[in-house]
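Colleague: I'd like to ask you about the structure that follows.
Numbering (our numbering), first residue to last: 3 to 127.
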């Protein structure tokens with residue numbers, strides 16, 4: 003940050019008489035710096051408030067858009083018969099066969115073979 007200046011110059015010939023007299027009054031009371039600082043802080047706060055308001059508006063618009071899209075998808079799903087179709091329902095857990103510990107598999111036909119090449123890696127023991 004650069005070094006602060008002790009004073010700023012204001013070209014008073016560009017100010018209206020009302021503004022000049024108001025600034026002169028604050029300067030006489032030695033409150034001009036505080037007054038200018040409060041004005042700038044107010045502007046900064048207003049701009050951040052405006053920015054937040056714009057963000058809130060955009061968020062609201064996005065939520066409305068999503069709600070509209072969802073309503074359209076629901077309508078489309080109903081018209082195509084996708085809703086209520088039982089083929090996409092999950093099976094109930096009670097109907098799914100589960101293996102329990104200790105259950106022996108009943109295999110009658112076992113097929114397959116081992117080549118000597120498959121056994122070579124176990125010969126090192």
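Virtual Cβ for every residue (Gly too), placed ideally from N, Cα, C.
Please report the Cβ distance between residue 37 and residue 28, rounded to the nearest whole angstrom; I am assuming they are in contact, meaning their Cβ atoms lie under 8 Å.
Modeller: Their Cβ separation, rounded to whole angstroms, is 5 Å, which keeps residue 37 and residue 28 in contact under 8 Å.
Colleague: Taking just the CA atoms, how far does residue 117 sit from residue 103?
Modeller: Going by the C-alpha atoms only, they are around 32 Å apart.
Colleague: Which residues bound the alpha helix (DSSP H) around residue 79?
Modeller: Its alpha helix (DSSP H) spans residues 34 to 82.
Colleague: Return helix, strand or coil for residue 26, following the three-state DSSP convention.
Modeller: Three-state result, residue 26: helix.
Colleague: According to DSSP, simplified to helix, strand and coil, what is residue 15?
Modeller: If DSSP states are grouped into helix, strand and coil, residue 15 belongs with the helices.
Colleague: Once DSSP output is grouped into helix, strand and coil, what is the label at residue 110?
Modeller: Looking at residue 110 - three-state DSSP - the assignment turns out to be coil, as it is neither helix nor strand.
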